[in-house]
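Written out below as structure tokens is the structure these notes cover.
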């Protein structure tokens, strides 16, 4: 276990280094001159030159890369160009809002998809099954945007069940008042593909010999499905959930943008529109590192759930 | 006695066999026809044969669809017109001597009164542009971005996957590293970073060469391709690793086939079905991404129309009760994407019969 952990952490280093290089050179060679963006439209040549001097853009590339790496390691990204807020502070204040939305989404979509998929798998081949399959195919074909627009219009604007959008400083109010609509939309959107996937896991298990044996010894269909099939199908389902878990960091970026939730996602879009390179670079690198860490933790947990898994 | 080996029915090639299997799939054939119709529409729109006038304001603002009939006239009230002749101002009006001259000049020009229609087939937007024309033109942009992006992503993924899978070793390690780097950054962050860089890029030269609007389409497709090739790379690599040790490849090696020839003449045709299915899966996901990018203002420019820009307009219109633009875009997109997805399923079943029935 310890050896595995060390090796996985060791393997993360070249990947992270690659991420740093990718981000650095992407913005360095393909992005436009930061000094010009910072100077704004009315900047004179002298002003641009002095900004360039301040940012160290006159130094050789390798020296700039070294400064960049030092910034990453010391967690010192300086300040956002647009708002002068420190990037570290930006992360710390935006992450809670993101988690308030993403964690309920993840929990709900998994808890709802399993019984639905099981119910559909139980009546496989029937008209209901085929109708559900057609509905899910159509449902995944509609853009997320359409769902958001319609949900905001009907549930918030017309029926007034939820506020259209909003956010406060109070976590509890956020969770009970402002988060439900975005969570509802996101869960509805992701339910269709999840049901399809889990249904295929269940069908896969139903075809196995142990199911036939269980039926042959006279167990009811209910017991077969709930006791035997469900437990075995939980393995691929958990694998799938483990793929979804890193999504709690970034999965709801679009939902945040549409519902004006002050989370990481909206901040990212603002940074893109403002050409706020320090924020973008910090996001890309730290989110990559966080995602890798979450993946590692999930792999370790997976071993706990299924003892047959061998960590290589 | 001589046994003559004859086959009762010529088997044809792999593609012919796949085509025979595809033809028996009714859902697949219907969706293929729908996809083909859309592609014809895209071609017609691209050559300006249809929907070239999508920017013309042909209807009254927010004209309803024809089925609903015109909007009820607003109650504007009546202003009483004063009776009696106009007051003669000519003695104090400094412009009076020139009125006759101006009237003469004005006669030389023809003014044309455009009658703005009260209703349009699928309604009009807030400027009175025809939603039907817009949705067709938008289909052209969105589908072209999706197709182009998917083709480029498949090319990148296939070539890199082939190199990595076939050679392994140092080349494989290097490409695996690149793959790990690209997948380490969450997809949406990667996409936004590329979009941010592209937005602030200086591309005046390219603009001059192929025109601003084609450049924007090209950029969005490239952004999607450069961020979306990783899945294809992984699958193609696995296929190449599997195939490079098979007998037919070893035999080819034995008779002196070069590495390139083995890679692209022997193995590639045998794994091309994977690439083809991935290509069509990516068309669907890239169209969805393009819609979201354009909605956020990171996609095609404001002087163009795509399904994404239409949806962003539709959001505001819906609050005012003008739902037709939203309905038109959502329907067009859902029909195309559903048909394409079903066609992809059928294609996969036809190309790889082993997979039939699996989800």
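Protein chains in written order, with the working numbering: chain B, 1 to 312; chain X, 1 to 359. Quick reminder that beta carbons are idealized off the backbone N, C-alpha and C, glycines included.
Residue i, DSSP secondary structure in three states
i: residue 130(X); result: strand
i: residue 124(X); result: strand
i: residue 357(X); result: Unreliable placement is indicated for residue 357(X), whose pLDDT of 47 sits below 50; no coordinate value is reported for it.
i: residue 161(X); result: helix
i: residue 115(B); result: helix
i: residue 217(B); result: coil
i: residue 79(B); result: strand
i: residue 18(B); result: helix
i: residue 65(X); result: strand
i: residue 352(X); result: coil
i: residue 54(B); result: helix
i: residue 369(X); result: Residue 369(X) lies beyond the stretch modelled for chain X, which goes from 1 to 359, so this question has no answer here.
i: residue 141(B); result: helix
i: residue 31(X); result: helix
i: residue 201(B); result: helix
i: residue 143(X); result: helix
i: residue 42(B); result: coil
i: residue 239(X); result: helix
i: residue 307(B); result: coil
Bounding residues of the alpha helix (DSSP H) (the contiguous stretch that carries residue i)
i: residue 85(B); result: Run containing residue 85(B): none; DSSP gives neither H nor E here.
i: residue 304(X); result: Residue 304(X) -> no alpha helix (DSSP H), and no H or E assigned at all.
i: residue 190(X); result: 187-199
i: residue 288(X); result: 268-295
i: residue 172(X); result: 169-184
i: residue 261(B); result: Note, residue 261(B): premise wrong, no alpha helix (DSSP H); not H, not E.
i: residue 15(X); result: 14-23
i: residue 111(X); result: From DSSP, residue 111(X) is part of no alpha helix (DSSP H); its letter is neither H nor E.
i: residue 244(B); result: 230-244
i: residue 222(X); result: 212-228
i: residue 61(B); result: 61-73
i: residue 244(X); result: No alpha helix (DSSP H) contains residue 244(X), which DSSP labels as neither H nor E.
i: residue 102(X); result: 99-107
i: residue 250(B); result: 247-250
Paired residues, beta bridge with residue i - DSSP
i: residue 261(X); result: Looking at the DSSP assignment, residue 261(X) forms no beta bridge with any residue, so it has no partner.
i: residue 59(X); result: 117(X)
Contact list for residue i against chain X, beta-carbon separation under 9 Å
i: residue 14(B); result: 177, 180, 181
i: residue 117(B); result: Going along chain X, no residue has its Cβ under 9 Å from residue 117(B), so there is no contact; the nearest lies around 11 Å.
i: residue 253(B); result: 186, 188, 189, 192
i: residue 245(B); result: By Cβ distance, chain X contributes nothing, its closest Cβ being about 12 Å from residue 245(B), past 9 Å.
i: residue 185(B); result: Those within 9 Å of residue 185(B) in chain X number zero; the least Cβ separation is about 14 Å.
Neighbour list for residue i in chain X, Cβ cutoff strictly below 8 Å
i: residue 106(B); result: Those do not exist, as residue 106(B) stays about 15 Å from chain X at its closest Cβ, beyond 8 Å.
i: residue 153(B); result: 318, 319
i: residue 292(B); result: 184
i: residue 123(B); result: Per Cβ cutoff of 8 Å: no residues; residue 123(B) is ~16 Å from chain X at best.
i: residue 22(B); result: 181, 182, 185
i: residue 18(B); result: 177, 178, 180, 181, 184
i: residue 257(B); result: 296
i: residue 26(B); result: 193, 194, 197
i: residue 317(B); result: Outside the modelled stretch of chain B, which goes from 1 to 312, sits residue 317(B), for which no answer is possible.
Under 8 Å from the C-beta of residue i: neighbouring residues of chain B
i: residue 311(X); result: 143, 145, 146, 149
i: residue 259(X); result: None at all; the shortest Cβ gap to chain B is about 27 Å.
i: residue 291(X); result: 143, 145
i: residue 314(X); result: 149
i: residue 341(X); result: 137, 140, 141
Within chain B, the residues that residue i reaches when beta carbons sit closer than 7 Å
i: residue 338(X); result: 137, 138, 141
i: residue 288(X); result: 143
i: residue 330(X); result: 142, 146
i: residue 334(X); result: 138, 141, 142
Closer than 6 Å: residue i CB and nearest the ligand FMN heavy atom
i: residue 136(X); result: Questions concerning the ligand FMN fall outside what the structure shown contains, since it holds no ligand whatsoever.
Amino acids of chain B, ordered along the chain, whose beta-carbon sits closer than 9 Å to that of residue i
i: residue 367(X); result: Residue coverage of chain X in this structure runs from 1 to 359, which leaves residue 367(X) outside it and unanswerable.
Closer than 7 Å at the beta carbon, the chain X residues around residue i
i: residue 91(B); result: Those do not exist, as residue 91(B) stays about 13 Å from chain X at its closest Cβ, beyond 7 Å.
i: residue 283(B); result: 189
i: residue 41(B); result: Those within 7 Å of residue 41(B) in chain X number zero; the least Cβ separation is about 14 Å.
i: residue 30(B); result: 197, 201
i: residue 68(B); result: Result: empty, since nearest Cβ-Cβ is about 15 Å, beyond 7 Å.
Worksheet item: Okay, do the stretch 168-176 of chain X and the stretch 324-341 of chain X touch, 3+ Cβ pairs below 8 Å being the bar?
Response: In this structure the stretch 168-176 of chain X does not lie against the stretch 324-341 of chain X, because fewer than three pairs of beta carbons, one per stretch, are closer than 8 Å.
Worksheet item: Pairing CB atoms from the stretch 57-68 of chain B with CB atoms from the stretch 216-226 of chain B, are three or more of them under 8 Å?
Response: no
Fill in: At least 3 beta-carbon pairs within less than 8 Å: the stretch 103-115 of chain X vs the stretch 305-318 of chain X
no
Practice prompt. Decide if the stretch 120-133 of chain B is in contact with the stretch 198-206 of chain B; the criterion is three or more beta carbon pairs, one per stretch, under 8 Å apart.
Written response: yes
Fill in: Inter-stretch contact at 8 Å, needing at least 3 Cβ pairs: the stretch 279-292 of chain B / the stretch 17-24 of chain X
no
Discussion item. Below 8 Å, how does it come out for the stretch 144-151 of chain X and the stretch 218-237 of chain X: are there three or more Cβ pairs, yes or no?
Written reply: yes
Discussion item. Pairs of beta-carbons, one from the stretch 267-274 of chain B and one from the stretch 185-204 of chain X, closer than 8 Å: are there three or more?
Written reply: Between the stretch 267-274 of chain B and the stretch 185-204 of chain X, the count of Cβ pairs shorter than 8 Å is three or higher; the stretches touch.
Worksheet item: Any contact of the stretch 241-252 of chain X with the stretch 312-323 of chain X, i.e. 3+ C-beta pairs under 8 Å?
Response: no
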